[in-house]
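Heads up, the sequence shown is in the working numbering, so the first residue is 132 and it goes up one at a time.
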Amino acid sequence: MANRAVFLDRDGTMAKDVPYCRRPEDFEFLSNTAKAVRLLNEHGFKVIVVTNQSGIARGYFTEETLTEIHQKMKEELAMEGAKVDGIYYCPHHPNDNCDCRKPKPKLVFQAAKEHDIDLEHSFVVGDLQMDIDLGKAVGCRSILIGNSPLADEKKAMPDAIAIDLLEAAHTIVKWEGMPKIKGQKRTIFDVSVIIPTRNRHEALRNCLESIIASG
């Protein structure tokens, strides 16, 4: 049986968004990140980090330094009883037109192959439009972190929103615990019924909470 996974953005989702984080000492988790990852671990999800790191192409830091940053990340998670199962990154400049920079799907497809992941039953979680677009591109459900405005109303909408990664993890766990109806594909909710407005994040959150409460 294939694995379920949660693909996590790094900066702004798991960790503080330090522009071009150049040193391990500059890396700092957001509060509750370890709790969120541990919760996903405990419920059988593979936790995969997918991150754009163009600072390498820009000459701000090396791949060796990035490895040190990610080693620090793993060690701090381990101290809290949590782990990530894989880290995939794009080192290229946005102008390089590579095939691995989010929201292009290459890194997720690579991870899915290497970890035997069922994408239809997996999630992408991030704080930017590109993360939502990535979820759409690979056939995963998506959760938007925070209150960042979506770049374009015409682009993909998230299946849910969450204040932080821990709330997103709880949403995923609750979602997976809902009873399945034979022959019916479940969705967190149909975002097409939400009228796009400047307050759409609040509307989406209210809709999600009401569905979970009644589920």
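Where a beta carbon is used, it is the ideal one built from N, C-alpha and C, also for glycine.
Nothing here was measured: the structure is a model prediction, and the numbers come from that model.
query, result
"Beta strand (DSSP E) segments (min. 3 residues) lying fully within the stretch 166–228", "177–183, 217–221"
"With 16 other Cβ atoms within 10 Å as the buried cut-off, status of residue 184", "buried"
"Close beta carbons around residue 148, own chain, < 6 Å, minus the five adjacent residues each side", "142"
"Beta-carbon proximity of residue 207 to residue 155, cut-off 7 Å", "no"
"First through last residue of the beta strand (DSSP E) which encompasses residue 137", "136–139"
"Sub-7 Å separation of residue 236 and residue 269 beta-carbons", "yes"
"Cβ-Cβ distance between residue 153 and residue 212 below 7 Å", "no"
"Other residues of its chain near residue 234: CB distance less than 7 Å, five sequence neighbours each side excluded", "261, 264, 265, 268"
"Residues near residue 323 in its chain [Cβ-Cβ closer than 8 Å; skip 5 each side]", "Note that residue 323 scores 32 on pLDDT, short of 50, meaning its location in the model is unreliable; the coordinates nonetheless yield the value given after this. Within the same chain, residue 323 has no close Cβ partners at all."
"Cα-Cα separation between residue 157 and residue 251, rounded to whole angstroms", "35 Å"
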